[in-house]
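Number of protein chains: 2
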Amino acid sequence: MARIVQKFGGTSVADIARIKAVAATVKRELDEGHQVCVVLSAMAGVTDQLVGYAADAGGAHYSPEYDTVLATGEQVTAGLLALSLQEMGVESRSWLGWQIPIHTDGVHGRARIEKIEIEGLEQTINEGGVPVIAGFQGLGPDGRVTTLGRGGTDTTAVAVASALGADRCDIYTDVEGVYTTDPRIVANARKLEKITYEEMLEMASLGAKVLQTRAVEMAMKTRQRLHVRSSYSDVPGTLVVDEDEIVEQELVSGIAYSRDEAKITLVQVADKPGIAAAIFGPLTDASINVDMIVQNVSADGQATDLTFTVAKADLDRAVETVEAKKDVLEYADLLSDSNVVKISVIGVGMRSHAGVAQRMFETLAEKGINIQVISTSEIKVSVLIAEEYTELALRALHTAYGLDAE
Amino acid sequence: MARIVQKFGGTSVADIARIKAVAATVKRELDEGHQVCVVLSAMAGVTDQLVGYAADAGGAHYSPEYDTVLATGEQVTAGLLALSLQEMGVESRSWLGWQIPIHTDGVHGRARIEKIEIEGLEQTINEGGVPVIAGFQGLGPDGRVTTLGRGGTDTTAVAVASALGADRCDIYTDVEGVYTTDPRIVANARKLEKITYEEMLEMASLGAKVLQTRAVEMAMKTRQRLHVRSSYSDVPGTLVVDEDEIVEQELVSGIAYSRDEAKITLVQVADKPGIAAAIFGPLTDASINVDMIVQNVSADGQATDLTFTVAKADLDRAVETVEAKKDVLEYADLLSDSNVVKISVIGVGMRSHAGVAQRMFETLAEKGINIQVISTSEIKVSVLIAEEYTELALRALHTAYGLDAE
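Going line by line, the protein sequences match chains L and W. Each residue of the first sequence is one higher than the one before, counting from 0 in numbering that gives the first Met the number 0. Each residue of the second sequence is one higher than the one before, counting from 0 in numbering that gives the first Met the number 0.
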């Protein structure tokens, strides 16, 4: 007997027929003798609708009322799944964030889970029942409803799985698992059988949408095994596990890309101490995240070019922020470009193997693709290239690292 | 300075534009120096949609999950109105049933309010803010969400008004007040300036849809002044008040009708002690409400005809229930008829004036309308007639009692 937490996303509970299919999936695990606890998203499209209502009412910003409105989507699906399970003869009850409670901090719209009181859930489970938890929501320190930010139901699922000491946390989604790269672009992308938390984290933060970054971080911290799988078929998906569990580690596990990047170059910035702080301090103050940064050693010791990337949505604000400091920074020109894409090669194997980055550079050079910015971490090499080369680069790299399906 | 509870129904909060209009109405009272607390319904149509979902999921019966699903409608509008008020510069916060809490019994789908803890609401009001309460919902003894039944937001509003010691409870609706009869049928129906609780109670339970019966009962018990008014215009509506407040009491205040009646006649029932109990006991056990009952003295002391009415929706079950007892009841025949309407003449004035019922019988006789069943109370005379005479009877009675607008 295993204890399983199952998370179903918005498309898996999009209507009553889908909700009944979820109930059948739950029952299948029960019939095999397992204990099951379910965590649900809102019906597909509902959260967007509620966000639209809140924006029209004047609540463009995160607030207690915004969260009060948004949390209803998951309340509806949780109640409906519990009803569907009962209809199938399965004991079940819904649990809302405030009922469990899932205690969070008070940062509305992006709250973080602080503590989950599991007594009620344990009681439902021990009585042979299935707790159905409304994902994405919690209870703030002031007794108000909080929400965890987009994709927060993943985080709820992982947090609940860890709190319950679950053997597995199954993330049901509309894809069959985690792929070596986006199968819509690279036709012979392969589904991975296993992937490490670290790799999944890089994949998630680089735009692979199957799992929320925060959920992966939490799973990594608590060593919670995740199983990313399809709610439409029964085939095994991808296990997200500890590195030790992967015997034959590939050099590279996947290739991710993010179109959500924009590049800013400051031409001929003074090359003197404190200049980086003078640039990035104001950006931080304006809550603009800077991703890649490249600064060359200056030829003459006087001035150098400095390039960095920000999220596309932040580009205009970033340019304004930097231009406001032109007096201090004394740069000759400011160039910005949003027609760029970040391509990343990811794999824990590269820790112990040299030449991974080199192969990337050679492959792109062979296709005549110019690399604008490079950034590396222990298990990842990212480059910034012109956006029009996205598909070409992905396919070439996928082949070069031997990832193509046979 | 007055303390006002304002209740807005589903059509008044049907979309964001309407919700903003509600916010403007709230602000107008604040600007005049009053304290305001708002109670809201779900957007028009939303509760029906949620009921549909629950039924499709297998929750045709009232249950904790049914209530969990249904309560979301009011949660959305409460959050949205608080946002709209904030946008207009008015301090406001939403209050959900469990947050206040509004304690109810555990009868899901039809819960009754037991106690309202007003500390939080008072705090919001005393800080110059407007509490916006999600109507229709409460917190059961087991910590589950409960709902109060259809129209329950009226009950929430009256209960909150009484708990807060409000000077007025304004019921905003899509009509301008309470009319002498249905203006869609009788063109010269008049809006009443004032009406007593007792009369309003009869009107509500006889099908006038402006106020839920339970809300009127509660207002009568706590002597809470109600003001039924239009959310589309600023004209005064109808005050529901104590009898003492109405100086010039009309003989008859209004004429109500209900098409939701069906008639059952048992022909030649044995005329002996215990026979009524033998009929109505099983109906009560089946949760079928019996309204009018008529039994004649039998001519021969052996057998008599017995006629009673039930809600149209219960007719088939009522017939089955009675037929199952045919052995005991020994009736000759069972006749049922759902093509009937109940017409009621209502007025506290008839307590001190004879002849009210007589004028009704005469008026109907003049129009050739046969009276099938008669039932009277202190302030009401009801008759059952064939449904096809509804309009004719209403217009004739409206004129006969001098209710026509000049």
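The beta-carbon is built from N, C-alpha and C at its ideal position, and this holds for glycine as well. Please read these numbers as outputs of a predicted model, since none were measured by experiment.
- For Arg17(L), no CB of chain W lies under 9 Å from its own CB, so it is not counted at the interface with that chain.
- The beta carbon of Asp336(L) sits closer than 6 Å to those of Lys262, all from its chain and outside the five residues before and after it, given in chain order.
- The three-state secondary structure of Ser11(W), taken from DSSP, is helix.
- Close to chain W, meaning a Cβ-Cβ distance shorter than 7 Å, is no residue of the stretch 234-249 of chain L at all.
- In its chain, beyond the 5 residues on either side, Ala188 have a beta carbon closer than 6 Å to the beta carbon of Pro182(L).
- For His226(L), the uninterrupted beta strand (DSSP E) segment begins and ends at Leu225 to Ser229.
- Annotated as proximal: Ser232(L) and Glu175(L), with beta-carbon spacing under 9 Å.
- No Cβ of chain L is located within less than 9 Å of the beta carbon of Glu116(W).
- Under the Cβ distance rule, Gln301(W) does not count among the residues neighbouring chain L, no pair being separated by less than 9 Å.
- In its chain, beyond the 5 residues on either side, Ile287 have a beta carbon closer than 6 Å to the beta carbon of Asp313(W).
- Inter-residue distance for Ala43(W) and Thr103(L) is about 33 Å (C-alpha atoms, whole angstroms).
- Against chain W, the CB of Tyr52(L) has a partner CB under 9 Å away; the residue lies at that interface.
- Along the stretch 57-73 of chain W, the positions whose C-beta sits under 9 Å from a C-beta of chain L are Gly57, Gly58, Ser62, Pro63, Glu64, Tyr65, Asp66, Thr67, Val68, Leu69, Ala70, Thr71 and Gly72, read in chain order.
- Taking a Cβ-Cβ threshold of 8 Å, the residues of chain L close to Glu86(W) are Ala56, Gly57 and Gly58, in chain order.
- Counting only runs that start and end inside the stretch 262-342 of chain W, the alpha helix (DSSP H) elements of at least 4 residues fall at 274-284, 314-322 and 325-328.
- Boundaries around Arg167(W) are those of the beta strand (DSSP E), Arg167 to Thr172, since no alpha helix (DSSP H) includes it.
- Here the C-alpha atom of Gly51(W) lies approximately 18 Å from the C-alpha atom of Ala20(L).
- Residue pairing by DSSP places His102(L) opposite Lys114(L) and Leu138(L) in a beta bridge.
- Counting only runs that start and end inside the stretch 45-84 of chain W, the alpha helix (DSSP H) elements of at least 4 residues fall at 45-56 and 63-69.
- Taking C-alpha positions only, Ser93(L) is separated from Gly8(W) by approximately 28 Å.
- Here the alpha carbon of Val215(L) sits roughly 44 Å from the alpha carbon of Ile124(W).
- Under a 10 Å Cβ-count criterion, Ser161(L) is classified as buried, with 16 or more other Cβ atoms of the shown protein chains found around its own Cβ.
- Buried is the label assigned to Gln85(W), since at least 16 other Cβ atoms lie within 10 Å of its Cβ.
- Taking a 10 Å sphere around the C-beta of Leu334(W), we find fewer than 16 other C-beta atoms and assign the residue as exposed.
- Within the DSSP bridge table, the entry for Lys6(W) names Val38(W) and Ile170(W) as partners.
- According to the DSSP assignment, Lys220(L) belongs to the alpha helix (DSSP H) that extends over Thr212 to Thr221.
- When 7 Å is used as the limit between beta carbons, Gly78(L) is near these residues of chain W: Glu64, Thr67 and Val68, in chain order.
- Rounded to the nearest whole angstrom, the CA to CA distance from Gln98(W) to Gly142(L) is 7 Å.
- At a Cβ-Cβ threshold of 9 Å, Gly346(W) and Glu198(W) count as neighbours.
- Contact annotation, Ser91(L) with Val129(L): C-beta distance approximately 4 Å; criterion of less than 8 Å satisfied.
- For Leu120(L), the CB contacts under 7 Å within the same chain, skipping 5 residues up- and downstream, are Cys36, Trp94, Ile99, Pro130 and Leu163 in chain order.
- DSSP, read as helix, strand or coil, puts Ser161(W) in helix.
- Excluding sequence positions up to five before and after Ile378(W), its CB lies within less than 7 Å of the CB of Glu197, Glu198, Glu201, Ile345, Gly346, Val347, Met349 and Arg350, all in the same chain and listed in chain order.
- Here Lys190(L) carries a strand assignment [DSSP, helix/strand/coil].
- Residue range Val355 to Glu365 is occupied by the alpha helix (DSSP H) that includes Val355(L).
- Taking 7 Å as the cut-off between beta carbons, none of the residues of the stretch 106-135 of chain L comes near chain W.
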